[in-house]
Structure formats: C-alpha cells, structure tokens
Amino acid sequence: MMRQYITMILLFLLPCLPCGAQEKAPQARPNVLLILTDDQRRGGTFLSPELLSTPVLDSLAHSGIRFINSYIMGGTSGAVCAPSRGSMLTGRSVFEMGGNYGQKIPEALITLPQYLKANGYYTWMTGKWHNEYSSFVRSFSGGASLFFNGMGPQYDFKVNDFRQDGAYSPQNSRLVKGIHATDLFADEAVRFLENYKGRQPFFAYVAFKTPHDPRTVAPAFEHRYPATGVQLPPNFLKQHPFDNGDLKIRDEKLAAFPRDSAEIRQHIADYYAMITHIDQRIGDILNTLKKQGLQKNTLVIFAADNGLAVGQHGLMGKQNLYEHSVGVPLLFSGPGVKPGQTSKALTYLTDIFPTLCAYLHLPEPQGMLGQSLLPALGGARYRGRKSEYYIYAHYQRGLRMGAYKLIEYLVKGQRHTQLFNLDKDPWEQRNLTGEKSMQKQIRAMRTEMKRWHQLAKDPMPVFYK
Numbered sequence: 082m083m084r085q086y087i088t089m090i091l092l093f094l095l096p097c098l099p100c101g102a103q104e105k106a107p108q109a110r111p112n113v114l115l116i117l118t119d120d121q122r123r124g125g126t127f128l129s130p131e132l133l134s135t136p137v138l139d140s141l142a143h144s145g146i147r148f149i150n151s152y153i154m155g156g157t158s159g160a161v162c163a164p165s166r167g168s169m170l171t172g173r174s175v176f177e178m179g180g181n182y183g184q185k186i187p188e189a190l191i192t193l194p195q196y197l198k199a200n201g202y203y204t205w206m207t208g209k210w211h212n213e214y215s216s217f218v219r220s221f222s223g224g225a226s227l228f229f230n231g232m233g234p235q236y237d238f239k240v241n242d243f244r245q246d247g248a249y250s251p252q253n254s255r256l257v258k259g260i261h262a263t264d265l266f267a268d269e270a271v272r273f274l275e276n277y278k279g280r281q282p283f284f285a286y287v288a289f290k291t292p293h294d295p296r297t298v299a300p301a302f303e304h305r306y307p308a309t310g311v312q313l314p315p316n317f318l319k320q321h322p323f324d325n326g327d328l329k330i331r332d333e334k335l336a337a338f339p340r341d342s343a344e345i346r347q348h349i350a351d352y353y354a355m356i357t358h359i360d361q362r363i364g365d366i367l368n369t370l371k372k373q374g375l376q377k378n379t380l381v382i383f384a385a386d387n388g389l390a391v392g393q394h395g396l397m398g399k400q401n402l403y404e405h406s407v408g409v410p411l412l413f414s415g416p417g418v419k420p421g422q423t424s425k426a427l428t429y430l431t432d433i434f435p436t437l438c439a440y441l442h443l444p445e446p447q448g449m450l451g452q453s454l455l456p457a458l459g460g461a462r463y464r465g466r467k468s469e470y471y472i473y474a475h476y477q478r479g480l481r482m483g484a485y486k487l488i489e490y491l492v493k494g495q496r497h498t499q500l501f502n503l504d505k506d507p508w509e510q511r512n513l514t515g516e517k518s519m520q521k522q523i524r525a526m527r528t529e530m531k532r533w534h535q536l537a538k539d540p541m542p543v544f545y546k
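Everything in the sequence shown is counted per the numbering used here, starting at 82 for the first residue and increasing by one.
Below is the structure:
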C-alpha cells in the first residue's frame, strides 16, 4: 500500500518536473506513434535479404535508424509476449513483472503511456494489451477495439471499447465479425489520426496481434507466397537435438513431429503473407499521418514483442533463446532522427522508454534496466552495451557478448551448453563448446552471465559454473 501511495504522489508531481516550460505550448512537442507486432522475428528485406516483402518497413527504416542487434530479454513462461510487453512498457527486467505468466504490471511500476499521460500527452491505444486491465486503465486517455486476450482467431473475435470508468471485463466485450484483426486495428489507427484535433501531443500505441498464429491469411494475401517457392532456412531441422524444456508446448504442436519440410514451407508462406499484410496497413497509417500534416512532428517507432522459429532448429515457437526468437526488429524515424542509419549496438525493447524520456527532455524514472538510444538517433557514434542477458523460464539462460552467443540449459537434471559465433554462423548451426580454443571465451561469458544474473534480478539459482 505504501509503495502504491508513493507512486501516486510521484505521478501527481511529474508535470512539475523539469519540462514544465513546454507545458505552455504542448502542441510543439513531438507526437509519438509506437507500432508493435506480435511474433514478428527480426528479418525481412529491410534487415536481411529474404523472400519476404516489406516495402513500407524498408522505407521507414531507410528514413531513420534501424537496430540490427535488437532483442527481448526473454520470457518467464511460454506466454513470452506478456512479460516482454510489460518489460518494454516499463523499461524494467522481465523478472519485475507480476502474475504467474509475467502478464501483470505491478502498481508500483510506471508505464510509458502512464508517464507520458502525466506529462501532458493524450495517450491512445488500439489492439493487443495482454497485461491485465488495471495497468491499461492507468495508462491511457482513450482507445478503440482493445484486445485484452493473449491470442485468438484472426476473424470473429471479441474486443472492448474504451471505457472512461475503466470497468473492463469479458462481459462488456463485443464480437467483431467479418474483418481481419490486422485490418481492424489499422482502420482504428487511421480513424484516430483523421479525427484527432487535440491541443495535446499524442502517444498512439498500435499493437497488432499478428503474425501470431492462427496463421489465417486475409484473402488478398492468400496466394502472395506459394509454399512451393519458399526456401527452407539453412538451420531447418526435423527435430531439436536435445530436450530444451518445452519441446511439446502448445506452440510446438502446431506442426507434426518430426517436422515435415512441405508443412513448414506452408507455415512460412502464411507467416510471410501475414507480415506483408501488416506492412501494407502500416503504410495506410503512415500515409494518413502525412495527409493530416502530422508526419513532420511525429516520432515513429516500430518493433515486435518477440520472434518465432517457424521450423528453425526443429522448433515452431518462441520458447527458446536462438536469434529467431529473441531477436526483434527495432527502428525509429521522425524529427531529430538522422536518416539512413544502421546500428549494430546491442539493444533491448526496454530501451524504448528511456530513449523517449531523453528525446522528449523528460527525467527518467529510477530503476530502469533500459538505457537511452538518443545519441544513436542523432547520428552520434553509439557503442551500446558490451553484453546482453537472455532468459527463458527457469531452465534456459543466454548471453550475447561481441560476436558470441552462449546458451546454457538445465532440463530435468541434464546440462547442455551452446556457443555460437554469430558473425561467422548467423544461423546458429555450429556449436563451438567442444573446441579447446573457445574455453577461455566460455569462462569469460559465464562470469559475465553471473553479473547479469544480479543486474536482471534473476531469482533462478545460477546453474552454470
């Protein structure tokens, strides 16, 4: 109760913190448009040459800065997107999220939209929240077609309308029929931008619930990627080489065991089609931003809550620490962002919150794990972190340091260690653990993992020596 009381006092005082001079002319402050997709791994033509076509994201990336080594910290359970989103929205470690699946944002933690709302922004959202009702209520001034579930069908699903009284429940939701989820949320974002007349700057959060399964493709995109023309990734396997702890979780049961190459090609084709659909609709949102004269004063951020295997390493889901699952797209474009940049700095989704604080000249709340990327946005040389820590549940831990990625497993008393050189082996196919020349590297990375274990407030006992 005391922590909650202190938080309320801090929020009451926030508008008086050192940015108050701008309150006299709030319309001069940049708007912020944050677009988040669900289960979209880092990739696509705007980051690497693949069959996947994302011309809008290509253009957006070239107009600003793309971070090609962006990651999530991971997930405390199979529902990776819940703690990942909570971590992004608070700038904190995934271990600071509450609830059995990390889906709850504790009252003591200030969310990004809550913070901006207290500092003069009109905060609005459409799409997937997935971090329980109370944190949404304290964060947003408005919204439309709010999806509070973790997953669901792409057609004929339930959403909530925005309520001033904050009384959200499954009972007051409504069924949406005949429109694809991607189109529903994109249409809501377009309407918001067309109708917004407020004097306040806005923070608009558009959170798609695709390309998360079920991979139901809208009719216009059904034949965009014929499965027979899809190449299997170099690291495709019929099965994972050992028990990683969650080989039979829901996500993994979306395809047959062992993996069938034709079936995986179809999954990839549908996955790509859904991403291209999102890309087109993001184009509609950005075009509306331009038509309304808002483009020059709006910072656009694009990211995803986690990646997805879709056949790589014999896996289908995101319950692992390989690049395809912890690597996510992250790009910024807008006023003050130098165009045409590509940064190799190690970044987290948690960096979005402190970056916006620095960008908007707002004091950064204490206790954040994230760090500001503002120097990189402006074109300055930015080195970022020397290492990053990745986690899944209580039996997978990983570390990226330089070109190397170390992954440690403890499953049913069985230990496994993997070491990859990502510069030479980006598909993570060659495990270097057994090479004598790599033992010093492994020891150094295990020492660094122990440092991160404390920094990330990891409650799991260290099982790597």
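C-beta atoms are modelled at their ideal positions from N, C-alpha and C, and glycine is treated no differently.
In angstroms, rounded to a whole number, what distance separates the CA positions of Phe217 and Trp210? Between Phe217 and Trp210, the C-alpha separation is close to 7 Å.
Determine, using beta carbons only, whether Thr428 and Leu450 come nearer to each other than 8 Å. Contact: no.
Three-state secondary structure (DSSP) of Gln477: For Gln477, the secondary structure class from DSSP, reduced to helix, strand or coil, is strand.
Every unbroken beta strand (DSSP E) within the region 457 to 501, with a cutoff of 3 residues, ordered by chain: Fully contained in the region 457 to 501 are the following beta strand (DSSP E) runs of length 3 or more, in chain order: 468 to 473, 477 to 482, 485 to 492.
Once DSSP output is grouped into helix, strand and coil, what is the label at Gly156? Of the three classes helix, strand and coil, the one that applies to Gly156 here is strand, per DSSP.
Give, in chain order, every unbroken run of the beta strand (DSSP E) that is at least 3 residues long and sits entirely within the region 354 to 397. Runs found: 379 to 385.
Under the rule that 16 or more other beta-carbon atoms within 10 Å means buried, what is Arg481, buried or exposed? By the neighbour-count rule (16 or more Cβ atoms within 10 Å), Arg481 is buried.
From Cys97 to Pro410, what distance separates their C-alpha atoms? The predicted model places Cys97 with a pLDDT of 35, which falls under 50 and marks its position as unreliable; any figure quoted below should be read in that light. Take the alpha-carbon of Cys97 and the one of Pro410: they are about 35 Å apart.
Rounded C-alpha distance that separates Asp506 from Leu380: If I take the Cα positions, the gap works out to 35 Å.
Could you check the C-alpha separation between Ser406 and Asn387 for me, to the nearest Å? Between the C-alpha atoms of Ser406 and Asn387 there is a straight-line separation of about 6 Å.
Segment limits, alpha helix (DSSP H) that includes Phe273: Unbroken alpha helix (DSSP H) run through Phe273: 262 to 276.
Would you list the residues sitting across from Ala285 in a DSSP beta bridge? Per DSSP, the beta bridge partners of Ala285 are Leu114, Trp205.
Please state the DSSP three-state secondary structure of Ile186. Here Ile186 sits in coil by DSSP.
Cutoff 6 Å; reference Cys100; Cβ partners in own chain excluding five residues on either side: Low local confidence applies: a pLDDT of 34 at Cys100 is under 50, so the model's placement there is unreliable, with the coordinate-based value given in what follows. Same-chain partners within the cutoff: His442, Leu443.
So, at 6 Å on beta carbons, what are the nonlocal neighbours of Tyr286 in its own chain, with the 5 sequence-adjacent residues on each side left out? Around Tyr286: Leu115, Met206.
Three-state secondary structure (DSSP) of Arg65: Because the chain here runs from 82 to 546, residue 65 falls outside it and cannot be looked at.
Would you check if the region 387 to 400 and the region 491 to 498 touch, i.e. whether three or more CB-CB distances between them fall below 8 Å? Contact fails: fewer than three Cβ-Cβ distances are below 8 Å.
Within the continuous alpha helix (DSSP H) that includes Thr528, where are the two ends? Here the alpha helix (DSSP H) through Thr528 covers 520 to 536.
If distances are taken between C-alpha atoms only, which option among Glu188, Thr192, Phe289, Asp264 comes closest to Phe228? Answer by Cα proximity: Phe289.
Report buried or exposed for Gln245, applying the criterion of at least 16 other Cβ atoms within 10 angstroms of its Cβ. Its Cβ having fewer than 16 others within 10 Å, Gln245 is exposed.
In whole angstroms, what separates the C-alpha of Asp242 from that of Tyr463? Taking the straight line joining both Cα atoms gives about 42 Å.
Tell me Arg280's beta-bridge partners as DSSP assigns them. According to DSSP, which records beta bridges pairwise, Arg280 is partnered with nothing at all.
Collapsed DSSP secondary structure at Gly545 in the structure displayed: For clarity, residue 545 is Tyr in the given sequence; the question names Gly instead. The answer is coil: DSSP assigns Tyr545 none of H, G, I, E or B.
Could you check how far apart the C-beta atoms of Gly155 and Leu402 are, in whole angstroms? I think they sit under 8 Å. Taking 8 Å as the upper bound for CB-CB distance, Gly155 and Leu402 are in contact here, some 7 Å apart.
For the structure I just gave you, are there three or more beta carbon pairs, one from the region 367 to 378 and one from the region 295 to 309, closer than 8 Å? By the Cβ criterion, the region 367 to 378 is not in contact with the region 295 to 309, since fewer than three pairs of Cβ atoms, one from each stretch, lie closer than 8 Å.
Within 10 angstroms of the Cβ of Val161, are there 16 or more other Cβ atoms? Answer buried if so, exposed if not. Residue burial is scored here from C-beta neighbours: Val161 has at least 16 other C-beta atoms within 10 angstroms and is therefore classed as buried.
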